[in-house]
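Student: If you count the sequence shown from 1, position 195 lands on 367 in this note's numbering, and the numbers rise without skipping. Beta carbons are placed, not taken as given, at the ideal position from N, Cα and C, and that holds for glycine. Keep in mind the model is a prediction, meaning the values are calculated, not measured. One structure, pasted below without further comment.
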Amino acid sequence: MTQNYVNYPNPSGLPGQKPATQLHFLFITPIFPFDESDTTCLPPLQALASELAARPGVRVSVIAVHYPHEQEKYVWNNVYVHACGGSNRYMLRPQTWYRAVEYASRINRARPIDSIHSFWLGECVLIGRWLERKYQRPHWVTLIGQDVRPENSYLGLFTLKMLNLIAVSIVQAAIFEINTGMPVRKVIPWGLDKKQFLPGKTIEKDIDILTVGAFNEVKNWPLFFATIQLAAEMLPNLKVWVIGAGPERESLEEMRRNLNLGEIIKFAGARRILFLVDRANLGRQTLKEF
173 MTQNYVNYPN
183 PSGLPGQKPA
193 TQLHFLFITP
203 IFPFDESDTT
213 CLPPLQALAS
223 ELAARPGVRV
233 SVIAVHYPHE
243 QEKYVWNNVY
253 VHACGGSNRY
263 MLRPQTWYRA
273 VEYASRINRA
283 RPIDSIHSFW
293 LGECVLIGRW
303 LERKYQRPHW
313 VTLIGQDVRP
323 ENSYLGLFTL
333 KMLNLIAVSI
343 VQAAIFEINT
353 GMPVRKVIPW
363 GLDKKQFLPG
373 KTIEKDIDIL
383 TVGAFNEVKN
393 WPLFFATIQL
403 AAEMLPNLKV
413 WVIGAGPERE
423 SLEEMRRNLN
433 LGEIIKFAGA
443 RRILFLVDRA
453 NLGRQTLKEF
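Put into structure tokens, the structure is as follows:
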């Protein structure tokens, strides 16, 4: 259960002092779930944060720069979250960044940070680099997706060889090197929380194709729907589930009607995503080209 908090609990009893076995990770991310029901908010990061926080002697703190939209401090699955409430308001970004740095200072005073990890090669890296210099702590950067494209304006702001870059796939690492001329330090694929699956049970594979993603233009939904239309010509009993939410939901429903895919494609909410993954024979995702 998510709960608000006022100050970090400190078992050592002394401000700024941590138990000898305690490791403290600081994540800086544009978005983070506002409570345990917010399952569509970057599920792989949720799995990483909750898995680390569940380990003995490990503390995870998170600075969420833009989402949740309100300034708030709360505990999520034993992860201590500071939401800056930036809400992607361009003119207020310097103020939001300053707030993030102030939060990091409070976090470090309560318990010294051992490692900083920024997600997306963007403004979170600006914040992370400043904190890296201030606290002299290692700083890692995970590339998420579209941030490897040459259109990413933040690529020119950093000396890339000075960043500890992590890609989540070999393909992403290769595309980043093609676009920038720089290799990443590590390739570490996202993980899944195996506790979310149903162990020991045989699940009927009644979904042919499953896709999960935000309903926005980045996901290139027209390509996905066109692919399903071609497949349906050969497989008229095809069952496709689309899971997600976003501003383009109505246009996607209209696209389904126009392509006569009403009996093929089913839209579903975001609950129990991994249960639906268990039921699917194939997962499919489309994106705009890199």
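By DSSP, does ILE400 sit in helix, in strand, or in coil?
Tutor: Here residue 400 corresponds to residue number 228 of the sequence shown, with the count starting at 1. Of the three classes helix, strand and coil, the one that applies to ILE400 here is helix, per DSSP.
Student: Measure the C-alpha to C-alpha separation of LEU217 and ALA272 and round it to an integer number of angstroms.
Tutor: Stepping through the sequence shown from its first residue, residue 217 is reached at position 45. Stepping through the sequence shown from its first residue, residue 272 is reached at position 100. Computed Cα separation, rounded: 19 Å.
Student: Which runs of the alpha helix (DSSP H) at least 4 residues long sit entirely within the stretch 242-308? Give them in chain order.
Tutor: Counting only runs of 4 or more, we get 265-282, 295-307.
Student: Between which two residues does the alpha helix (DSSP H) carrying ASN484 extend?
Tutor: Summary: the structure shown does not reach residue 484, with the chain confined to residues 173 through 462, and so no result is reported for it.
Student: So is VAL390 buried or exposed if we call it buried at 16+ other beta carbons inside 10 Å?
Tutor: For the purposes of this step, residue 390 is taken as residue 218 along the sequence shown, with counting starting at 1. Exposed.
Student: Identify the residues that DSSP records as bridge partners of ARG231: which are they?
Tutor: Residue 231 sits at position 59 when you count from the first residue of the sequence shown. Its beta-bridge partners are HIS196.
Student: What residue range is occupied by the uninterrupted beta strand (DSSP E) comprising ALA339?
Tutor: The sequence position of residue 339 within the sequence shown is 167, counting from 1. Segment 336-339, the beta strand (DSSP E) holding ALA339.
Student: With three or more beta-carbon pairs closer than 8 Å as the criterion, would you say the stretch 256-266 touches the stretch 223-231?
Tutor: The answer is no - the stretch 223-231 does not touch the stretch 256-266, with fewer than three Cβ pairs under 8 Å.
Student: Between the stretch 334-350 and the stretch 404-416, are three or more C-beta pairs nearer than 8 Å?
Tutor: No: fewer than three Cβ pairs fall under 8 Å.
Student: Please determine whether the Cβ atom of VAL390 lies at a distance below 7 Å from any heavy atom of the ligand PLP.
Tutor: Annotation note on the ligand PLP: not contained in the displayed structure, which lists no ligands.
Student: Taking only three categories from DSSP, how would you classify VAL356?
Tutor: On the sequence shown, position 184 is the one that residue 356 refers to. The answer is coil: DSSP assigns VAL356 none of H, G, I, E or B.
Student: Please classify ILE463: is it buried, with 16 or more other beta-carbons within 10 angstroms of its beta-carbon, or exposed?
Tutor: The requested residue 463 does not occur in the structure, where the chain is confined to residues 173 to 462.
Student: With C-beta atoms as the reference, is ALA219 less than 8 Å away from PHE199?
Tutor: Residue numbering aside, residue 219 sits at position 47 when the sequence shown is read from its first letter. Residue numbering aside, residue 199 sits at position 27 when the sequence shown is read from its first letter. Their beta carbons are not under 8 Å apart, which means ALA219 does not touch PHE199 by this criterion.
Student: Let's test the definition: count the other Cβ atoms within 10 Å of the Cβ of ASP378 and tell me whether it reaches 16, buried, or not, exposed.
Tutor: Residue numbering aside, residue 378 sits at position 206 when the sequence shown is read from its first letter. Flag for ASP378 reads exposed.
Student: By Cβ distance, which residues of its chain are closer than 6 Å to PRO355, with the 5 residues on each side in sequence left out?
Tutor: Counting from one through the sequence shown, the residue named residue 355 turns up at place 183. Within the same chain, PRO355 has close Cβ partners GLU349.
Student: Looking at C-alpha atoms only, which residue of PRO284, TYR246, ASN260 is the closest neighbour of GLY294?
Tutor: On the sequence shown, position 122 is the one that residue 294 refers to. Comparing Cα positions, the closest option is ASN260.
Student: Reducing DSSP to helix, strand and coil, say where ILE203 ends up.
Tutor: Your numbering for residue 203 matches position 31 in the sequence shown. ILE203 falls in the strand class under three-state DSSP.
Student: Could you tell me whether the Cβ atoms of ARG413 and LEU448 are closer together than 8 Å?
Tutor: The residue you call residue 413 lines up with position 241 of the sequence shown. The residue you call residue 448 lines up with position 276 of the sequence shown. With the sequence shown as reference, residue 413 is identified as Trp, and Arg is not the correct amino acid for it. Taking 8 Å as the Cβ cut-off, TRP413 and LEU448 qualify as a contacting pair.
Student: For CYS256, collect the residues of the same chain with a Cβ closer than 8 Å to its Cβ; drop the 5 residues on either side in sequence, then sort them by chain order.
Tutor: As a working note, residue 256 is residue 84 in the sequence shown. So the list reads ILE235, ALA236, VAL237, HIS238, GLN243, THR268, ARG271, ALA272, TYR275, once near-sequence residues are dropped.
Student: Thinking C-alpha only, which one of LEU214, ASP207, HIS196 is nearest TRP362?
Tutor: Taking the sequence shown and counting its residues from 1, the one referred to as residue 362 is at position 190. Of the listed residues, the one whose Cα sits closest to TRP362 is LEU214.
Student: Can you tell me the Cα-Cα spacing of THR212 and GLY416, whole angstroms?
Tutor: The count along the sequence shown starts at 1 and reaches residue 212 at position 40. The count along the sequence shown starts at 1 and reaches residue 416 at position 244. Using only the alpha carbons, I get a separation of about 7 Å.
Student: What is the rounded straight-line gap between the Cα of SER277 and the Cα of LEU335?
Tutor: Walking along the sequence shown from the start, residue 277 turns up at place 105. Walking along the sequence shown from the start, residue 335 turns up at place 163. Looking at the two C-alpha atoms, the distance is approximately 22 Å.
Student: Quickly, what does DSSP pair LYS377 with across the bridge? List them, please.
Tutor: Residue 377 sits at position 205 when you count from the first residue of the sequence shown. Answer by DSSP bridge pairing: none, since LYS377 is not bridged.
Student: ASN351 and PRO310: beta carbons closer than 8 Å?
Tutor: As a working mapping, residue 351 is identified with position 179 in the sequence shown. As a working mapping, residue 310 is identified with position 138 in the sequence shown. No.
Student: Could you give the DSSP three-state label for PHE330: helix, strand or coil?
Tutor: In the sequence shown, residue 330 corresponds to position 158, counting from 1. Three-state DSSP puts PHE330 in coil, outside helix and strand.
Student: What do you reckon, are the CB atoms on GLY455 and LEU382 nearer than 8 Å?
Tutor: Reading the sequence shown from its first residue, position 283 is the one you call residue 455. Reading the sequence shown from its first residue, position 210 is the one you call residue 382. Yes, the pair counts as a contact, with Cβ atoms nearer than the cut-off.
Student: Starting from ALA221, follow the beta strand (DSSP E) in both directions and report where the run begins and ends.
Tutor: Here residue 221 is taken as the residue at index 49 of the sequence shown, counted from 1. From DSSP, ALA221 is part of no beta strand (DSSP E) but of the alpha helix (DSSP H) over 215-225.
Student: For PRO419, does the count of other Cβ atoms within 10 angstroms reach 16, so buried, or fall short, so exposed?
Tutor: Residue mapping note: residue 419 aligns to position 247 of the sequence shown, counting from 1. Classification of PRO419: exposed, given that the 10 Å Cβ count is below 16.
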